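> Take a look at this one; I'll ask things after.
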Amino acid sequence: MSDMTTGFHTTTFDTPDARAAAAALPVGERQWMVKRLLVGYPTFRRLLDNIQRLHRPVEGGTHDTGVIGGVLALPRSGKSFACESYWRRNPVRITEGGECHPVVYLQVRDDWTPHHMAEAIYFATGAKSIPRLKTSAMITGAIRRLLEARTELVIVDDAHFAFLGTKGRTLSNYRSIIKGIADTNACNVLLSGLPDLRAFVEADSQIQGRGDFPCWHIEPLRWGMADEREQFSLLLHAIDRRLPFRDLSGLASPRNATHFHRISQGVIGRVMNVGRDAANRAIDAGS
Numbered sequence: 269m270s271d272m273t274t275g276f277h278t279t280t281f282d283t284p285d286a287r288a289a290a291a292a293l294p295v296g297e298r299q300w301m302v303k304r305l306l307v308g309y310p311t312f313r314r315l316l317d318n319i320q321r322l323h324r325p326v327e328g329g330t331h332d333t334g335v336i337g338g339v340l341a342l343p344r345s346g347k348s349f350a351c352e353s354y355w356r357r358n359p360v361r362i363t364e365g366g367e368c369h370p371v372v373y374l375q376v377r378d379d380w381t382p383h384h385m386a387e388a389i390y391f392a393t394g395a396k397s398i399p400r401l402k403t404s405a406m407i408t409g410a411i412r413r414l415l416e417a418r419t420e421l422v423i424v425d426d427a428h429f430a431f432l433g434t435k436g437r438t439l440s441n442y443r444s445i446i447k448g449i450a451d452t453n454a455c456n457v458l459l460s461g462l463p464d465l466r467a468f469v470e471a472d473s474q475i476q477g478r479g480d481f482p483c484w485h486i487e488p489l490r491w492g493m494a495d496e497r498e499q500f501s502l503l504l505h506a507i508d509r510r511l512p513f514r515d516l517s518g519l520a521s522p523r524n525a526t527h528f529h530r531i532s533q534g535v536i537g538r539v540m541n542v543g544r545d546a547a548n549r550a551i552d553a554g555s
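Structure below.
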């Protein structure tokens, strides 16, 4: 019923038998379904389309090169799920020339240094070990790895950790990685992060100059707009249909939808935070 190899749970349980079977699955599998539940709602699909356009701007054509683009949103807006989903839709290919990694996904952590990012590129392109090199040499080697892996798009998620509030040589090295990748003219780069990332890029002519930074914003769904309110309620129902329980939980009822929007302010990840905790409690209680 779920495919852990894809990294997400998307199956709907729309009959009594299907729901009963889902409710009878091992606890660990049901917990995984809740944690990795994914709904392809309109905003999510539009974001995937935009990432696809940055990657391959012409349907049936070749991948684009030398452009740095962005996905900007508040925390828990779904940008990481979309970026990871796009990466998983473009898996590693084994060819006569070796492994091909068409899309590389990096998720920056707040405790990273540029050296860590370079190491992550090595691992993301299939390296089994990391050379002991100084940071500048590591950056050069990491960029070379992308060329050898025939990478077409590098997704740098949570990129604000690399650039916002970073100074001196650390910032310079992060910039060197991103600009260096674009300057190979072999692939594009997508920076995914907080809205403030745009101001940083616009103040850096060398990054913005790589394609004028095409970017897309994920906005919270507004309760005061009828179409967005309907989309929010439909999303709640779609989540409900994927939960591994014998009965629907009524998430999209007018009362519950109003409550969910009030506590989430229309940010989908916040909805999932509450729903995940409630679902785990229900599984634990045998409800």
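Just add 268 to wherever you are in the sequence shown, counting from 1, and you've got the numbering used here. Note that beta-carbon positions come from the ideal geometry of N, C-alpha and C, so glycine has one too. Everything numeric in this text was worked out from a predicted model, so none of it was measured.
Using a Cβ-Cβ cutoff of less than 7 Å, which residues in the same chain neighbour Q533 once the five nearest sequence positions on both sides are dropped?
P488
> Here's the rule: buried if 16 or more other CB atoms are within 10 angstroms of the residue's CB, otherwise exposed. What is I531?
exposed
> Please list, in chain order, all residues of the same chain as L502 whose beta carbon is under 8 Å from its beta carbon, the five residues on each side excluded.
The residues Y309, A520, in chain order, have a CB closer than 8 Å to that of L502 in the same chain once the five nearest residues on each side in sequence are set aside.
> Here's a check: name, in chain order, each residue in its chain whose Cβ is nearer than 7 Å to the Cβ of Q476, leaving out the five neighbours to either side.
V469, E470
> Is the region 354–365 in contact with the region 325–336, if contact means three or more CB pairs nearer than 8 Å?
no
> Go to T419, then tell me how far its beta strand (DSSP E) extends in each direction, as first and last residue.
Taken as a continuous stretch (DSSP letters only), T419 belongs to no beta strand (DSSP E), as it is neither H nor E.
> Does DSSP put D317 in a helix, in a strand, or in coil?
In this structure, D317 counts as helix in the three-state DSSP scheme.
> For my contact list, G275 and R478 are in at a C-beta cut-off of 8 Å; report their separation, rounded to the angstrom.
Wrong, their Cβ atoms sit about 29 Å apart, outside the cutoff.
> Which one of L293, A289, K303 has the shortest CA to CA distance from G547?
Checking the displayed sequence, the identity of residue 547 turns out to be Ala instead of Gly. Looking at the Cα atoms, K303 is the closest of the given residues.
> What's the call for D480, buried or exposed, on a 16-neighbour Cβ count within 10 Å?
exposed
> Using a Cβ distance threshold of 8 Å, determine whether the region 452–460 contacts the region 413–433, with at least three qualifying pairs required.
Yes: at least three Cβ pairs fall under 8 Å.
> Under the DSSP definition of a beta bridge, which residues are partnered with L306?
The partner list for L306 (beta bridge, DSSP) is empty, contrary to what the question assumes.
> Would you give the residue range spanned by the beta strand (DSSP E) that H485 belongs to?
Counting along the chain, the beta strand (DSSP E) containing H485 begins and ends at 483–486.
> If I follow the unbroken beta strand (DSSP E) through C455, where does it start and stop?
Neither: C455 is in no beta strand (DSSP E) and is coded neither H nor E.
> Within 10 angstroms of the Cβ of L415, are there 16 or more other Cβ atoms? Answer buried if so, exposed if not.
exposed
> Give the secondary structure of H369 by DSSP, where H, G and I count as helix, E and B as strand, and everything else as coil.
Coil.
> Just to confirm, are P463 and L322 a CB contact at a threshold of 8 Å?
no
> What do you get for D379, buried or exposed, if any count of 16 or more other CB atoms within 10 angstroms of its CB means buried?
Counting other Cβ atoms within 10 Å of its Cβ, D379 stays below 16 and is therefore classed as exposed.
> Are T393 and V424 closer than 8 Å when you measure CB to CB?
no
> Quick one: what does DSSP say S270 is sitting in, helix, strand or coil?
Any reading at S270 must be qualified, since the residue scores a pLDDT of 49, below 50, and its modelled position is unreliable; no value is offered.
> Count Cβ pairs between the region 291–300 and the region 432–442 that sit closer than 8 Å; are there 3 or more?
no
> I'd like the span of the alpha helix (DSSP H) that includes T526, first residue to last.
522–532
> Quick check on H428: buried or exposed, where buried means 16 or more other Cβ atoms within 10 Å of its Cβ?
Buried, by the Cβ-count rule.
> Residues in its own chain within less than 6 Å of F281 by CB, not counting five upstream and five downstream?
R287, A290
> Can you look up G337 in the DSSP assignment and give me helix, strand or coil?
strand
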